[in-house]
Amino acid sequence: GLMTYINFMSVKLFVRVQNVFTGCKLLACVIVILGGIYELCIGNVNNLSQGFEGSSTSAKDIALAFYSGLWAYDGWSACTVVTEELKRPERNIPLSILIAVPVVTGLYFMMNVAYMTVLTIPEMIAAPAVAVLFGDKVLGPMSFVIPLGVALSTFGCALSVQFGVTRLLYVAGREGHMLEMFSFIHLRRLTPAPAVAMQGVLTLLFIVAGNITALIDFASFLVWFFYGLAMVALIVMRKTKRNIHRPYQVCTK
Numbered sequence: 038g039l040m041t042y043i044n045f046m047s048v049k050l051f052v053r054v055q056n057v058f059t060g061c062k063l064l065a066c067v068i069v070i071l072g073g074i075y076e077l078c079i080g081n082v083n084n085l086s087q088g089f090e091g092s093s094t095s096a097k098d099i100a101l102a103f104y105s106g107l108w109a110y111d112g113w114s115a116c117t118v119v120t121e122e123l124k125r126p127e128r129n130i131p132l133s134i135l136i137a138v139p140v141v142t143g144l145y146f147m148m149n150v151a152y153m154t155v156l157t158i159p160e161m162i163a164a165p166a167v168a169v170l171f172g173d174k175v176l177g178p179m180s181f182v183i184p185l186g187v188a189l190s191t192f193g194c195a196l197s198v199q200f201g202v203t204r205l206l207y208v209a210g211r212e213g214h215m216l217e218m219f220s221f222i223h224l225r226r227l228t229p230a231p232a233v234a235m236q237g238v239l240t241l242l243f244i245v246a247g248n249i250t251a252l253i254d255f256a257s258f259l260v261w262f263f264y265g266l267a268m269v270a271l272i273v274m275r276k277t278k279r280n281i282h283r284p285y286q287v288c289t290k
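Given below as structure tokens:
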């Protein structure tokens, strides 16, 4: 409800709130990484040498491992569905992707190394939230910072996803792929109010109807399936619509 309210009220409010939650998210990541660096400095490196114990080399297991990790990297696509609301998209979209993807990859890598300084692989697999278990073992009385950071990170992620999805629904309504009502914009707030309301209702229904693990598995499959279709469509359009003006494009050669 709060996320729907923020996205309904104004884009500026969304940006301000999102900046705060992004800062909190990065701070939580830095705290985990600094804790890992401390553990490395005092010699806790035994688990690092056992990181690949029990690993499988079968194609099926490798594919499943990639699939399990895709959800964590899904945010990269959000900027492309808000192109119309960006200043200088031909510059800012490629720049945001080139900056964000390496930064996120680096943070994830360093956090996993930090986890492995004090947690075994079985502990990480069994833990409902690895970061929380890490905080309990490393931060002592300050361990409450990690659950708080996880909660803030989750809220910020969901807020940005809702922002992007509502714009996608808005454009679909405008192009005739969905009901025309979803293309309407609030006269004063200049936000796609019907699309935001629909996304809020659907979110509540999914929360009530299923558990979070099943929802993530189901959503991941559909999201990456349609990402694949979009990539195929891109290649086809490069061949069939060569003369269309493209403010920015990805090199396919």
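Quick note, the sequence shown lines up with residues 38 to 290 if you use our numbering.
Yeah, the Cβ is synthetic: ideal placement off N, Cα and C, and Gly gets one too.
Computed from a predicted model, the values in this text were never measured in an experiment.
Backbone secondary structure at residue i - three-state DSSP
i, result
"alanine 151", "helix"
"lysine 276", "helix"
"glycine 265", "helix"
"phenylalanine 221", "coil"
"isoleucine 281", "coil"
"phenylalanine 38", "Correcting the residue type first, residue 38 is glycine in the shown sequence and not phenylalanine. Looking at glycine 38 - three-state DSSP - the assignment turns out to be coil, as it is neither helix nor strand."
"threonine 228", "coil"
"asparagine 291", "With the chain covering 38 to 290 only, the question about residue 291 has no answer from this structure."
"asparagine 129", "helix"
"methionine 215", "coil"
"asparagine 248", "coil"
"leucine 123", "coil"
Supposed close pair residue i, residue j - CB separation, criterion 8 Å
i, j, result
"tryptophan 108", "serine 257", "5 Å"
"serine 190", "alanine 65", "6 Å"
"isoleucine 43", "leucine 196", "7 Å"
"valine 48", "glutamate 121", "Between glutamate 121 and valine 48 the Cβ distance is about 11 Å, and since that is not below 8 Å, they are no contact."
"valine 260", "aspartate 111", "6 Å"
Limits of the unbroken alpha helix (DSSP H) element including residue i
i, result
"serine 197", "182-211"
"lysine 62", "48-78"
"serine 93", "Neither: serine 93 is in no alpha helix (DSSP H) and is coded neither H nor E."
"methionine 26", "Because the chain is modelled from 38 through 290, residue 26 falls outside the range shown and cannot be assessed."
"leucine 170", "167-175"
Residue from the options whose Cα sits closest to the Cα of residue i
i, options, result
"isoleucine 222", "Phe45, Gly38, Ala267, Leu39", "Phe45"
"valine 175", "Leu71, Leu50, Leu144", "Leu71"
"phenylalanine 181", "Arg53, Ile68, Met215", "Ile68"
"leucine 50", "Gly265, Gly172, Asn248, Leu227", "Leu227"
"tyrosine 264", "Thr117, Val140, Asn248", "Thr117"
"serine 92", "Leu123, Pro284, Pro159", "Pro159"
"serine 133", "Tyr145, Ala115, Ile79", "Ala115"
"leucine 144", "Met179, Leu63, Phe89", "Leu63"
Near the ligand ADP: residue i beta-carbon under 7 Å from a heavy atom
i, result
"threonine 240", "Absent from the structure shown: the ligand ADP. Ligands present: none."
Would you check if the segment 202-212 and the segment 231-246 touch, i.e. whether three or more CB-CB distances between them fall below 8 Å? yes
Inter-stretch contact at 8 Å, needing at least 3 Cβ pairs: the segment 237-253 / the segment 140-157: no
Specify whether the segment 97-107 and the segment 171-190 touch according to this definition: at least 3 beta carbon pairs, one from each stretch, less than 8 Å apart. no
Tell me, please, whether the segment 136-152 touches the segment 161-171 by the rule of three or more beta-carbon pairs shorter than 8 Å. yes
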